[in-house]
Every structure is written in C-alpha cells, then in structure tokens.
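In UniProt numbering, the protein residues as written are 1 to 239. Ideal placement from N, C-alpha and C gives every residue a C-beta, glycine not left out.
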Amino acid sequence: MVIPTKLRKQMLAAAHKGHPGIVNMKARLRTKVWWPKIDKDAETTVKSCRGCTLVSAPNPPVTMKRRELPSKAWVDTAVDFLGPLPSGDHLLVIIDYYSRYKDIEIMKSISTQDTIKVLKKIFSRAGNPASITADNGRQLCSQEFKTFCTDQGITLFNTIPYWPQQNGEVERQNRDNLKRLQISQCEKSDWKDDLLKYLMMYNSTPHPSTGKSPSDLFYGRQFREKLPFLTDLENSYDD
C-alpha cells in the first residue's frame, strides 16, 4: 500500500517505536507499507534519533559454532539474566531458538525460588519447553532448579564455564536489551514502559535469520500494533 506524503512522517514514527536499527526499521516498513525512497527515509529516521545515535556502537563479533535450528517453536529455549540495573532490578530473558521469540520479566530478587516462580508464570502462558540452555549462574545450576526442570519434563543444558558465548543467542539479545535501556536513560523516559514497547517492536519485526517475525512463527499470527497492517489501510481507504 502506497502511503501519501502527509502520512509518511506518522508511519516512520510508528515504525521506530522501540528503537529498531536501520535493517529492522526497513523490514518493519516493507512488510506493511511502501512509498518512493522509503529505505532512505528509514535510514534518516534512525540516524536522526538521538537515543539510537548515543548507543550505536557496533556489537563485537563473536566466534562460535552456529546452533542447529529446531523444527518447531518452544523446543529449545535459552535463559539468562541481565543486571543488576541502576534501579536494582534484574531482567530474566528467555528466547525461543526456532522463532527467536523473546520474553522478558523484571525481577527484584533472582534467587532460585523466585526464578522458578517467574518461569512458571511464563510457562503457564506458553507451556513447558523441551529444553533450556542456561549459563552457570548459581540460580540456574542449583539442585533445586535441576529438580524443577526434571519435574516439568525439561532437559537442562548449562553452558561451559568461562564461555558464555555458548549461549550465544541470548547473549546477543542481552546486548540489544542493554542498548534499549541505555536509550531510555539518555532520554530520561520510563524504562519499564520503553521495554514493553521494545518487546512489541522486536516480536513483530521480521528477524534476519528467519525472514519472519517472531510472533508469526511462535503464535502463527502477526501482533497487532500501532504500525498498521496493509489490510487496515486498504479498509480505511475503502471507507
């Protein structure tokens, strides 16, 4: 659907909710709207964003063996913590390797008991995964956590000490998560609200490794968000 000139600024602002980079910004727009020089406008929007500019240092490359992709969603997952944050909170991050779907929970305490409670909350919505790959944090390699996984029918894999890159996908995701938190700090905005906007953006944007959005592969549908679907635009023009 070709967007008229007067609506393009609005579309660009909606597509940049959650602060996607240039590649993801283009992917978000291309799947839903189009106009001449849309890629150039997307690049200009990202490059002119103060928050994105301040945290735009590239991630260092990590040499690692590529993980074999599962055949369906919620078979292989990865769990890690990010924090402590300046607020004293930690983030529990869980990634589905097949769809690249990501969920994040904010935690005050990251004890084994509280970690299990949060995972039970996530699993009540998505079901138990077949496996979890986790680092060697004391919460995730404790006997209590191992027993929890066994009781739920989940195979637990702990990464090799001193080589956290073995859990590479969640390590990369945490670098992106940290950038979004830094943007919130730079803009003096509500980081918890910004985190929700980022999750919506991330899970509804085509992932470069799959060509589809995480929500599409995980739930079998696209998330409805502020950036409209082509069908929504077509219906509005018909009206």
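Going straight from the alpha carbon of Val2 to that of Val33, what length do you get?
-> Taking the sequence shown and counting its residues from 1, the one referred to as residue 2 is at position 2. Taking the sequence shown and counting its residues from 1, the one referred to as residue 33 is at position 33. Roughly 6 Å separates the two Cα atoms.
Limits of the unbroken alpha helix (DSSP H) element including Lys102 | Numbered from 1 along the sequence shown, position 102 holds the residue referred to as residue 102. Element bounds for Lys102: not the alpha helix (DSSP H) but the beta strand (DSSP E), 102-107.
Alpha carbon to alpha carbon, how far is Phe223 from Ser213?
-> Against the sequence shown, residue 223 aligns to sequence position 223. Against the sequence shown, residue 213 aligns to sequence position 213. CA-to-CA, the gap between Phe223 and Ser213 works out to about 9 Å.
Could you give the distance in angstroms between the alpha-carbon of Val23 and the alpha-carbon of Gln143?
-> Sequence index remark: in the sequence shown, residue 23 carries index 23 (1-based). Sequence index remark: in the sequence shown, residue 143 carries index 143 (1-based). Whole-angstrom Cα-Cα distance: 42 Å.
Mind checking Arg50: buried by the 16 CB within 10 Å criterion, or exposed?
-> Locating residue 50 in the sequence shown gives position 50, where the first residue counts as 1. Its Cβ having fewer than 16 others within 10 Å, Arg50 is exposed.
Tell me whether the beta-carbon of Asp114 lies closer than 8 Å to the beta-carbon of Tyr97.
-> Counted from its first residue, the sequence shown places residue 114 at position 114. Counted from its first residue, the sequence shown places residue 97 at position 97. Cβ distance not < 8 Å, so Asp114 and Tyr97 don't count as in contact.
CB Ala13 to CB Leu29, shorter than 8 Å?
-> Position 13 of the sequence shown, counted from the start, is the residue given in the question as residue 13. Position 29 of the sequence shown, counted from the start, is the residue given in the question as residue 29. Cβ distance not < 8 Å, so Ala13 and Leu29 don't count as in contact.
Which residue comes first and which comes last in the alpha helix (DSSP H) that contains Asn24?
-> Working through the sequence shown from its first residue, we reach residue 24 at position 24. Where Asn24 is concerned, the enclosing alpha helix (DSSP H) stretches over 22-30.
Between the CA atoms of Glu169 and Glu68 - distance to the nearest angstrom | For the purposes of this step, residue 68 is taken as the residue at position 68 of the sequence shown. For the purposes of this step, residue 169 is taken as the residue at position 169 of the sequence shown. So the alpha carbons of these two residues sit roughly 12 Å apart.
Would you list the one or two residues that DSSP bridges to Ser131?
-> In the sequence shown, the residue the question calls residue 131 occupies position 131. Here Ser131 is bridged, per DSSP, to Asp76, Thr155.
How would you call Leu119, buried or exposed, if buried means at least 16 neighbouring beta carbons within 10 angstroms?
-> Along the sequence shown, read from residue 1 onward, the residue named residue 119 stands at position 119. Of the residues assessed, Leu119 falls on the buried side of the cut-off, its CB having 16 or more other CB atoms within 10 angstroms.
Going by DSSP, what residues sit across from His90 in a beta bridge?
-> Working through the sequence shown from its first residue, we reach residue 90 at position 90. Met107, per the DSSP bridge assignment.
Step through the CB atoms of chain C and report whether any lies within less than 8 Å of the CB of Glu68.
-> Going by chain labels, chain C is absent from the structure shown, which holds only one protein chain.
Burial state of Asp239 (16 or more Cβ within 10 Å) = Position 239 of the sequence shown, counted from the first residue, corresponds to residue 239. Annotation note: pLDDT 49 at Asp239 (below 50); position unreliable, coordinate value reported separately. It counts as exposed.
Could you check the C-alpha separation between Cys149 and Ile38 for me, to the nearest Å?
-> As a working note, residue 149 is residue 149 in the sequence shown. As a working note, residue 38 is residue 38 in the sequence shown. Cys149 and Ile38: Cα-Cα distance of roughly 47 Å.
Please name the residue or residues paired with Val2 in a DSSP beta bridge.
-> Counted from its first residue, the sequence shown places residue 2 at position 2. Answer by DSSP bridge pairing, in chain order: Trp34.
Can you name, in chain order, every residue of its own chain whose Cβ lies under 7 Å from the Cβ of residue 252, other than the five neighbours on each side?
-> This structure does not reach residue 252, given that the chain is present from 1 up to 239, and the question cannot be answered.
Span of the alpha helix (DSSP H), counted from its first residue to its last, around Tyr202 = As a working note, residue 202 is residue 202 in the sequence shown. Secondary structure note for Tyr202: its alpha helix (DSSP H) is the uninterrupted segment 191-203.
If we count the other Cβ atoms within 10 Å of its Cβ and call it buried at 16 or more, is Gln139 buried or exposed?
-> Counting from one through the sequence shown, the residue named residue 139 turns up at place 139. Buried: at least 16 other Cβ atoms inside 10 Å.
In whole angstroms, what separates the C-alpha of Ser215 from that of Met201?
-> On the sequence shown, position 215 is the one that residue 215 refers to. On the sequence shown, position 201 is the one that residue 201 refers to. The straight-line gap from Cα to Cα measures roughly 10 Å.
Of all the options Arg100, His90, Asp89, Ser87, which has the alpha carbon lying nearest to the alpha carbon of residue 240?
-> Outside the displayed range of the chain (1 to 239) lies residue 240, so it cannot be described from this structure.
Within 8 Å, strictly: CB atoms of Ile104 and Leu181 | As a working note, residue 104 is residue 104 in the sequence shown. As a working note, residue 181 is residue 181 in the sequence shown. For Ile104 and Leu181, no; Cβs fall outside 8 Å.
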